[in-house]
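Chains as they are written, first to last, in the UniProt record's numbering: chain R, 1 to 438; chain S, 1 to 276. Glycine is no exception: its CB is placed at the ideal position from the N, C-alpha and C atoms.
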Amino acid sequence: MDLKDKLVSSFLAFENNVDVHNPVHDVRTEAIKNFETKGFPSKKLEAWKYTSLNGLQKIDFSIFPKKESSLEYKDVKKYFIHQIDTYKIVFIDGVFSSNLSETTHDGVDICLMSSALTKPMYKAVIDVYFNKVASKDESLTTLNTAFSREGAYIYIPKNKVPKKPIEIIHFSTGNDVALMLQPRNLIIAEENSEMQIIERHQSLTSNAVLTNSVTEIFAAKNAIVDYYKVQNDVDSASLVDNTYVDQKDGSHVKVHTFSFGGKLLRNNLNFYQNGERIDSTMKGITIIGDKQHVDHHTLVHHIEPNCESHQDYKGIYADSSTGVFNGKIIVDKIAQKTNAFQQNNNILISDKATINTKPQLEIFADDVKCSHGCTIGQLDEEALFYLQSRGIPKKEARALLMYAFANNVLESVRIPELKVRINKLIANKLGVNLGFDL
Amino acid sequence: MLGVFRLIKITLKKEKNNKEHKSSDKMLKIKDLHASVEGKGILKGINLEVGAGEVHAIMGPNGSGKSTLASVIAGNETYEVTAGDIFLNGENIEDLSPEERAHNGVFLSFQYPVEIPGVSVTNFMKTAINESRKAKGLEDMPAKDMLKLIREKSELLEIDRKFLSRSLNEGFSGGEKKRNEIFQMAMLEPKLAILDETDSGLDIDALRIVANGVNKLKSKDNAVVVITHYQRLLEYIVPDFVHVLYNGKIVKSGTKELAMELEEKGYDWIKQEAAV
Numbered sequence: 001m002d003l004k005d006k007l008v009s010s011f012l013a014f015e016n017n018v019d020v021h022n023p024v025h026d027v028r029t030e031a032i033k034n035f036e037t038k039g040f041p042s043k044k045l046e047a048w049k050y051t052s053l054n055g056l057q058k059i060d061f062s063i064f065p066k067k068e069s070s071l072e073y074k075d076v077k078k079y080f081i082h083q084i085d086t087y088k089i090v091f092i093d094g095v096f097s098s099n100l101s102e103t104t105h106d107g108v109d110i111c112l113m114s115s116a117l118t119k120p121m122y123k124a125v126i127d128v129y130f131n132k133v134a135s136k137d138e139s140l141t142t143l144n145t146a147f148s149r150e151g152a153y154i155y156i157p158k159n160k161v162p163k164k165p166i167e168i169i170h171f172s173t174g175n176d177v178a179l180m181l182q183p184r185n186l187i188i189a190e191e192n193s194e195m196q197i198i199e200r201h202q203s204l205t206s207n208a209v210l211t212n213s214v215t216e217i218f219a220a221k222n223a224i225v226d227y228y229k230v231q232n233d234v235d236s237a238s239l240v241d242n243t244y245v246d247q248k249d250g251s252h253v254k255v256h257t258f259s260f261g262g263k264l265l266r267n268n269l270n271f272y273q274n275g276e277r278i279d280s281t282m283k284g285i286t287i288i289g290d291k292q293h294v295d296h297h298t299l300v301h302h303i304e305p306n307c308e309s310h311q312d313y314k315g316i317y318a319d320s321s322t323g324v325f326n327g328k329i330i331v332d333k334i335a336q337k338t339n340a341f342q343q344n345n346n347i348l349i350s351d352k353a354t355i356n357t358k359p360q361l362e363i364f365a366d367d368v369k370c371s372h373g374c375t376i377g378q379l380d381e382e383a384l385f386y387l388q389s390r391g392i393p394k395k396e397a398r399a400l401l402m403y404a405f406a407n408n409v410l411e412s413v414r415i416p417e418l419k420v421r422i423n424k425l426i427a428n429k430l431g432v433n434l435g436f437d438l
Numbered sequence: 001m002l003g004v005f006r007l008i009k010i011t012l013k014k015e016k017n018n019k020e021h022k023s024s025d026k027m028l029k030i031k032d033l034h035a036s037v038e039g040k041g042i043l044k045g046i047n048l049e050v051g052a053g054e055v056h057a058i059m060g061p062n063g064s065g066k067s068t069l070a071s072v073i074a075g076n077e078t079y080e081v082t083a084g085d086i087f088l089n090g091e092n093i094e095d096l097s098p099e100e101r102a103h104n105g106v107f108l109s110f111q112y113p114v115e116i117p118g119v120s121v122t123n124f125m126k127t128a129i130n131e132s133r134k135a136k137g138l139e140d141m142p143a144k145d146m147l148k149l150i151r152e153k154s155e156l157l158e159i160d161r162k163f164l165s166r167s168l169n170e171g172f173s174g175g176e177k178k179r180n181e182i183f184q185m186a187m188l189e190p191k192l193a194i195l196d197e198t199d200s201g202l203d204i205d206a207l208r209i210v211a212n213g214v215n216k217l218k219s220k221d222n223a224v225v226v227i228t229h230y231q232r233l234l235e236y237i238v239p240d241f242v243h244v245l246y247n248g249k250i251v252k253s254g255t256k257e258l259a260m261e262l263e264e265k266g267y268d269w270i271k272q273e274a275a276v
């Protein structure tokens, strides 16, 4: 049985474990129908031209974990930003781990999707927000919607700011030979609220994992959301991340994506600007090698006037790795005075590495500032000479320049400890012996 | 005055086929140096000797080859040396990489220092110093000594601590970049320092600080080559010798009075003289 058929037939088993009379289940039923019709996206689709899921579909993934696992904090501590205190929503093989988590209901809700989808007290919020910005058409998103049951649920009321950043971590233990996960997150920032989220998917063995994640983010008037995605998984783990952001007047949402590892990474990042004076920022650093594959597909839809969007993606590709950047910007006719900037710079270290980069601008307004640029190149020879002239050998100088190239994206990271962590990951990936402590 | 102060004999002969590996023990000795970039000849037979304890100024109009000469001495591979030799303390450095030249005591203060985001001034200097030490078979400098050295040298250049934690050259003003170059020079203690247009982009106060730093670093054991378009910097860093570079050759050499003459009369008379 191929993976699509297996998923569709598993939906029946899934229904035995959820409340089919909950209106949420109507949403799921619609979604599985869409997935059944569409199936996995093929390379014939323009959006999937450079990323193939064929190999993954041949793996016999378990759709539900066979047994529950537990982990000791000391064994997985290094995957947390443990230098600081954080709220933690932690899952092991898709199942919530209460002993690794620190949730709260103290003025804000930082807890579980499974509660939000089933408990009456959350019904009003779920009715307004659940599956409202996520695509009802894109097949992998609808696949996730069909199986949506667990994930992070975060609700920050008006004028509130949680005391500390929130970490969402998904561990997979390898108890199953191959496991498919479908986490579903719902993040709501009400007017004037603010939050910082760090998300990570981490496999702990070399058994195959395929995560198809959907996150919906709603930022109300003047809300601020900083979302950091740390993608540094093992070579047997693949991730399709579908993130949908709905923004209202004056809100600022920043998503940083740090892609340093995994077999296949696909990021579908979609911003919808439903208001004025909105700022949307997307930043990414990709550093990969071997046969790794990272695909960033971004979309910013400027629907109202006087908004801004900023995109800055940097990539360093070694060995036979492949990268894709596709940045789509739509400016509606009414969206005058839009400022939309997009930048994608890449360095190919090896002759066998490939990057496909494509800006896609659809501008229907006439009074806008839009710029885009992509470069694929080698290191600046003058800069290399500068470092060498200070006594730094060529190899180290090259590594240092790549470090600087990637690091440029980090200035907007507002959690210092996370910044240091990413700094170290970059140095580590590039094999830089910096001769100093970060 | 002409000829009286001519210390360097300009030879136009191109006779050498056999490379020399040893030369006299002058700190820097350049013999009949030709260099080109992308097939275009820029240096067309430079001869220059710089002894320990000396300060030399190289002046000349734009496009005469001043910055190329500085880059070639420091080993920039963008330029191809097509003929001639460069000796450092008697050793031919032709085959040495830029970093090996640095380890042997060559320092180039850049006209346009490169920005390196994400690497602080302090961390950059630690890396540079420890790489030089590694090349000499020495252990990393102990952190305590490093901090002491940084404190001492930053005071010399009137640089405050905040500046040292900023990313190297990123968002630095023209003056800050140049001051930082001389700070690096102070940290690395080169034998031969080449200052390429260090005065450009400096206001008078910054110029004074930079010049003061260079003067304090001067000793009987090291040498400084100042490359400049204007005489202004030479009021502060007084040269023992002044050379005029024009069209890839040193066409005139003298003492500091030559610099003053250039300031007064411009470069046109040099061009006319060279054309004769």
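Is Tyr153 of chain R helix, strand or coil by DSSP?
strand
Roughly how many whole angstroms lie between the Cα atoms of Lys256 of chain S and Phe260 of chain R?
58 Å
Let me confirm a value: Gly248 of chain S is counted as buried when at least 16 other C-beta atoms fall within 10 Å, else exposed. Which label applies?
buried
Please say whether Gly107 of chain R and Lys160 of chain R have beta carbons closer to each other than 7 Å?
yes
Give the residues from the region 365–385 of chain R that approach chain S closer than 8 Å (Cβ to any Cβ), ordered along the chain.
Asp380, Glu381, Glu382, Ala383, Phe385
So if I threshold CB-CB distances at 7 Å, which residues from the region 68–101 of chain S count as touching chain R?
Ala74, Asn76, Thr78, Ser97, Pro98, Glu99
Of all Cβ atoms in chain S, is any one closer than 7 Å to the Cβ of Arg421 of chain R?
no
Short of 8 Å Cβ to Cβ, which residues in the region 223–237 of chain S face chain R?
none
With burial defined as no fewer than 16 other Cβ atoms inside 10 Å of the residue's Cβ, what is the status of Ile84 of chain R: buried or exposed?
exposed
Kindly say whether Ala404 of chain R, judged by its beta-carbon, lies nearer than 7 Å to any beta-carbon of chain S.
yes
In angstroms with no decimal places, state the Cα-to-Cα distance between Phe124 of chain S and Gly45 of chain S.
36 Å
Anything in chain R within Cβ reach of Ser132 of chain S, meaning under 7 Å, just list it in chain order.
Gly391
Could you pull out every residue in the same chain whose Cβ sits closer than 6 Å to the Cβ of Tyr267 of chain S, ignoring the five residues on either side in sequence?
Pro61
Ser208 of chain R versus Ala102 of chain S: straight-line alpha-carbon distance, rounded
A small fix is needed here, since residue 208 of chain R is Ala in this sequence, not Ser. For Ala208 of chain R and Ala102 of chain S, the distance between alpha carbons rounds to 50 Å.
Cβ separation of Lys271 of chain S and Tyr230 of chain S, assumed to be a contact under 8 Å, to the nearest whole Å
With a Cβ gap of about 17 Å, Lys271 of chain S and Tyr230 of chain S do not count as contacting.
When you compare the CB positions of Ile73 of chain S and Leu48 of chain S, do they come within less than 7 Å of one another, or not?
no
Can you give me the C-alpha to C-alpha distance between Arg421 of chain R and Ala404 of chain R, rounded to a whole angstrom?
15 Å
Using a Cβ cut-off of 7 Å (strictly closer), state whether Gly118 of chain S contacts chain R.
yes
Check whether the region 410–428 of chain R and the region 384–392 of chain R touch, using three or more Cβ-Cβ pairs below 8 Å as the test.
no
Leu96 of chain S to Glu80 of chain S, Cα distance in whole Å?
13 Å
Of the residues R:Ser139, R:Gly262, R:Ile330, the one placed nearest Thr298 of chain R, counting alpha carbons only:
R:Ile330
Could you tell me whether the region 260–276 of chain R touches the region 304–313 of chain R, using the rule of 3 or more Cβ pairs below 8 Å?
yes
Comparing alpha-carbon positions, which option in R:Pro165, R:Gly262, R:Glu46 lies nearest Glu102 of chain R?
R:Pro165
Contact between the region 108–122 of chain S and the region 157–177 of chain S (3+ Cβ pairs under 8 Å):
yes
To the nearest angstrom, report how far apart Gly55 of chain R and Tyr313 of chain R are at their CA atoms.
27 Å
Check whether the region 346–357 of chain R touches the region 316–328 of chain R, taking contact to mean three or more Cβ pairs, one atom from each stretch, closer than 8 Å.
yes
Could you check whether the Cβ of Leu138 of chain S sits closer than 7 Å to any Cβ belonging to chain R?
no
Does Asn408 of chain R come within less than 7 Å of chain S when only Cβ atoms are used?
yes
Okay, do the region 186–196 of chain S and the region 216–229 of chain S touch, 3+ Cβ pairs below 8 Å being the bar?
yes
Buried or exposed by the 16-neighbour rule on C-beta atoms within 10 Å, applied to Ile204 of chain S
exposed
Please name the residue in R:Ile349, R:Lys254, R:Arg200 whose C-alpha comes closest to that of Val225 of chain R.
R:Lys254
Is it right to say Ala186 of chain S is buried, meaning 16 or more other beta carbons lie within 10 angstroms of its own, or is it exposed?
buried
When you compare the CB of Gln388 of chain R with every CB in chain S, is at least one pair closer than 7 Å?
yes
Taking its Cβ as the centre, do 16 or more other Cβ atoms sit within 10 Å of His243 of chain S, making it buried, or is it exposed?
buried
Along the chain, where does the beta strand (DSSP E) that runs through Gln202 of chain R open and close?
194–203
Residues that Leu108 of chain S contacts on chain R, provided the C-beta gap is smaller than 7 Å
Ser389
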